[in-house]
Amino acid sequence: MAAKKRPEREVSAGGIVFRRWPDGTPRFLLIRDSYRHWGFPKGHLEDGETPAEAALRETRE
Numbered sequence: 001m002a003a004k005k006r007p008e009r010e011v012s013a014g015g016i017v018f019r020r021w022p023d024g025t026p027r028f029l030l031i032r033d034s035y036r037h038w039g040f041p042k043g044h045l046e047d048g049e050t051p052a053e054a055a056l057r058e059t060r061e
């Protein structure tokens, strides 16, 4: 039996964007990906980018 290969480690960063309605109820920004899954804005780090820089960039995009 062949040995199972461990997946490569992926590093991604993102942010949670929200706004409170006047009654205090929070509303969150969600993104739908190509697999039709919903989640918060995030993405992979670019070369030389810190996780904090990537989170800001991905949230702006």
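In terms of our numbering, the sequence shown is residues 1 to 61. Using N, Cα and C, we set each Cβ at its ideal position, and we do this for glycine too.
One thing to note: F40 has its Cβ within 8 Å of the Cβ of L30.
Your pair T59 and V17 checks out as a contact, with CB atoms roughly 6 Å apart and the cut at 8 Å. DSSP, reduced to helix, strand and coil, places R60 within a helical segment of the structure shown. Taken through DSSP and simplified to helix, strand or coil, P22 comes out as coil. Out of R20, A13, H37, the CA that lies nearest to the CA of E49 is found in A13.
Per DSSP, G15 lies in no beta strand (DSSP E) and is assigned neither H nor E.
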